[in-house]
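Visitor: Heads up, the sequence shown is in the numbering used here, so the first residue is 1 and it goes up one at a time. Don't be surprised by glycine CBs; every beta carbon is placed ideally from N, CA and C.
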Amino acid sequence: MALSFLRSSLQVDLTAAHQSQEEAAAYARRLHEIETKLLCRAFGGRAVLPSDYELLQRYLNGELSRAEVFREFYDAA
């Protein structure tokens, strides 16, 4: 299934048959958070930079924590 709004620069693996059920659920949660972040940026009129996609990809792959990726939202409050 193609998720065109995520743009081709994010490599999304929705088949992930090699993962355990817990890993697959965590992956799906991270993907949902990324979708939400991109939609918020779009509605706010802010462009997504290439560096943002790199950061989001690392989060999707489980390399970064949620706090590291979404720091800008915490700092704005």
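Give the DSSP-derived three-state secondary structure of Q11 in the structure shown.
Guide: Coil.
Visitor: If you compare alpha carbons, which of E35, G44, G62 is closest to E23?
Guide: Nearest C-alpha to E23: G62.
Visitor: So what's A77 in DSSP terms, helix, strand or just coil?
Guide: Summary for A77: the model assigns pLDDT 49, below 50, so the residue's position carries little reliability, and this model does not support an answer.
Visitor: Take the Cβ of L49 as the centre, count every other Cβ of all protein chains shown within 10 Å, and call the residue buried at 16 or more, exposed below.
Guide: With fewer than 16 Cβ atoms within 10 Å of its Cβ, L49 is classed as exposed.
Visitor: Is F63 helix, strand or coil by DSSP?
Guide: According to the sequence displayed, residue 63 carries Glu and not Phe. Of the three classes helix, strand and coil, the one that applies to E63 here is coil, per DSSP.
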